[in-house]
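Each remark here refers to the structure printed beneath this line.
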Amino acid sequence: MWNPTRIQQALRNLTRWPITPSRLQLWAGAVLVLLLLMLGGLPILSDRLVPLGAPEILARAAQEAADPTAFGVRSYQGAATTYYGGNGSQPPGQLLEDVLQLWFAAPDQWRIEYTSRHPTPAPGPQGPSEAAAPPPLPATQSPPPTQNTPIVLQVSDGTRAWQYQPQANYMAREDPQRITGPAFGKPADLLWHATEGNTVRLAGTTTLAGRRAYVVDLERGPDSHLAYPDTVTGVRDWIDTQTYLLLGSAAYRADGTLETLWTFITLSINSPVNALQFQLTPPAGLVWPTAPPPTPTEIDVAAQLQREARSAPTPLFQPRWLPPWLDPEAYMWWPQMYGSYLALQYDSPRSPGALQITEGQASVFAHAEDGDPVDVGGISGRYREGGGTRFLTLTRDGTAIILEGKAEVTRDVLLEIAASLEQVDHPPRP
Numbered sequence: 243m244w245n246p247t248r249i250q251q252a253l254r255n256l257t258r259w260p261i262t263p264s265r266l267q268l269w270a271g272a273v274l275v276l277l278l279l280m281l282g283g284l285p286i287l288s289d290r291l292v293p294l295g296a297p298e299i300l301a302r303a304a305q306e307a308a309d310p311t312a313f314g315v316r317s318y319q320g321a322a323t324t325y326y327g328g329n330g331s332q333p334p335g336q337l338l339e340d341v342l343q344l345w346f347a348a349p350d351q352w353r354i355e356y357t358s359r360h361p362t363p364a365p366g367p368q369g370p371s372e373a374a375a376p377p378p379l380p381a382t383q384s385p386p387p388t389q390n391t392p393i394v395l396q397v398s399d400g401t402r403a404w405q406y407q408p409q410a411n412y413m414a415r416e417d418p419q420r421i422t423g424p425a426f427g428k429p430a431d432l433l434w435h436a437t438e439g440n441t442v443r444l445a446g447t448t449t450l451a452g453r454r455a456y457v458v459d460l461e462r463g464p465d466s467h468l469a470y471p472d473t474v475t476g477v478r479d480w481i482d483t484q485t486y487l488l489l490g491s492a493a494y495r496a497d498g499t500l501e502t503l504w505t506f507i508t509l510s511i512n513s514p515v516n517a518l519q520f521q522l523t524p525p526a527g528l529v530w531p532t533a534p535p536p537t538p539t540e541i542d543v544a545a546q547l548q549r550e551a552r553s554a555p556t557p558l559f560q561p562r563w564l565p566p567w568l569d570p571e572a573y574m575w576w577p578q579m580y581g582s583y584l585a586l587q588y589d590s591p592r593s594p595g596a597l598q599i600t601e602g603q604a605s606v607f608a609h610a611e612d613g614d615p616v617d618v619g620g621i622s623g624r625y626r627e628g629g630g631t632r633f634l635t636l637t638r639d640g641t642a643i644i645l646e647g648k649a650e651v652t653r654d655v656l657l658e659i660a661a662s663l664e665q666v667d668h669p670p671r672p
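First residue of the sequence shown? That's 243 in our numbering, and the numbers climb one at a time after it.
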């Protein structure tokens, strides 16, 4: 109840405290804290007062990967190195090193220039627990690239993407969703449910590419849904402490040898990026083909699949049934990285790339196996939704198959397409 006597007594008590500069600073600080709390500053304060654990850091990194602006990343540019080949695609004791220049503007504009590619000695066995910092780089690391002509150029304006190889004068359409920076796979998939079925721990902090980074180790468990090949048993991630951007990742085999590694060398976040970087134009002095390759027909795709099936390590599959409003948009085949893998893309009237079917050898192809269990023509599969996309994953005869649907490609349509998949027959090798 309101009591004027108590208020008067409180006012008299205040006059007993003389106003000094130190007390003014104290009161000002208290008012500032109160304003921060009123304006939603509690997460900012809580991060300082209560240190984050590995699960929270990974969750925020996954959120950043799905929406780069979630923690204030609007653009960045820098250089990175990638090392791969530890899965047996390179001779023992050797990895293949790529050096890249990257430009990014939110939400999904990319320019990636591969400026060098060469073998490099692989480091000796070292699991994620061996050292928190610096990153376990191979014996030699290239400096940031300086040459002007890239080996491979990838450009995406967010809707269409292209790859250009100047030395071969080769250009091809790419899937914009697969241009995601230097990571081996989509960072959002690599971080999705990273804490489920795995043991995670915060190994400390370090400095990477001039940025302060959390060092998070993951030990794969029997129920893991990590989107890494089965040969990977441990992962070390470097995550920016300010923006939660994934700055690097190393994947290890059971014996502690390095299978893959990528890290930023230099990185400038939210620095101005020229919009011309994301236009489909070649570097100076190179001739860009005057017309894009023709859109493939179903007959073209079937004929090419028959040819590729000869060398594929596991069977390839193609849909026997598709809705009449889906048209083939692009056919892609990558015989590198984690073994050969295939991508088929289809357009709908409402959405370019409304359907994508990706296939690869299950034992080495990076794919997530999470979601709700579903039956696909008698085969067990997994279904989930996220970011406006529907995902259906299944394995047939050693081949991992991922179907991604958007717009009109509903869950039922996706299941029907998956049930119609049939193995590609191919003529005998000549």
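Note that the Cβ used here is the ideal one computed from N, Cα and C, for glycine as well.
Computed from a prediction, not measured in an experiment: that's the story for all the values here.
Backbone secondary structure at residue i - three-state DSSP
| i | result |
| --- | --- |
| Leu460 | strand |
| Glu501 | strand |
| Ala451 | coil |
| Arg359 | strand |
| Val666 | coil |
| Pro418 | helix |
| Val543 | helix |
| Thr473 | coil |
| Phe520 | helix |
| Glu650 | coil |
| Ala348 | coil |
| Gly484 | First, the amino acid is wrong: residue 484 is Gln here, not Gly. Here Gln484 sits in coil by DSSP. |
| Ala425 | coil |
| Arg402 | coil |
| Pro565 | coil |
| Pro408 | helix |
| Arg552 | coil |
| Leu468 | coil |
| Gly446 | strand |
| Leu584 | strand |
| Ala364 | coil |
Boundaries of the alpha helix (DSSP H) in which residue i is found, first to last residue
| i | result |
| --- | --- |
| Glu438 | Segment: none, Glu438 is in no alpha helix (DSSP H) and carries neither H nor E. |
| Val655 | Arg653 to Ala661 |
| Ala301 | Ala296 to Ala308 |
| Ala430 | Pro429 to Leu433 |
C-alpha distance - residue i paired with residue j, whole-angstrom precision
| i | j | result |
| --- | --- | --- |
| Thr502 | Ile481 | 17 Å |
| Ile511 | Arg454 | 13 Å |
| Ile507 | Ala492 | 14 Å |
| Val477 | Glu461 | 7 Å |
| Thr448 | Pro514 | 26 Å |
| Gln336 | Gly427 | 22 Å |
| Arg402 | Gly452 | 32 Å |
| Leu444 | Gly628 | 27 Å |
| Leu395 | Trp404 | 8 Å |
| Thr641 | Pro293 | 42 Å |
| Glu298 | Asp459 | 13 Å |
| Asp654 | Tyr625 | 11 Å |
| Asp542 | Glu416 | 17 Å |
| Thr631 | Asp340 | 31 Å |
| Ala517 | Gln665 | 44 Å |
| Arg592 | Tyr406 | 28 Å |
| Trp352 | Pro408 | 18 Å |
| Asp465 | Ile354 | 35 Å |
| Gln546 | Pro392 | 28 Å |
Beta-carbon gap between residue i and residue j smaller than 8 Å
| i | j | result |
| --- | --- | --- |
| Ala322 | Leu300 | no |
| Glu650 | Ala596 | yes |
| Pro561 | Gln603 | no |
| Tyr456 | Phe313 | no |
| Tyr356 | Leu338 | no |
| Ser398 | Ala348 | no |
| Trp345 | Gln521 | no |
| Ala307 | Leu433 | yes |
| Asp667 | Gln587 | no |
| Gly613 | Ala661 | no |
| Leu450 | Leu488 | no |
| Arg638 | Ile621 | yes |
| Ile643 | Leu663 | yes |
| Thr499 | Ala296 | no |
| Ser590 | Asp472 | no |
| Thr635 | Trp504 | no |
| Asp431 | Gly400 | no |
N-terminal and C-terminal residue of the beta strand (DSSP E) that residue i is part of
| i | result |
| --- | --- |
| Ala492 | Leu488 to Arg495 |
| Gly628 | Ile621 to Gly628 |
| Ile599 | Leu597 to Gln603 |
| Val315 | Element bounds for Val315: n/a, residue is neither H nor E. |
| Ser590 | Neither: Ser590 is in no beta strand (DSSP E) and is coded neither H nor E. |
| Ser398 | Val394 to Ser398 |
| Arg638 | Thr631 to Arg638 |
| Pro615 | Asp614 to Val618 |
Original post:
Using 8 Å as the Cβ pair cut-off and three pairs as the minimum, do the region 439 to 457 and the region 416 to 428 touch?
Top reply: no
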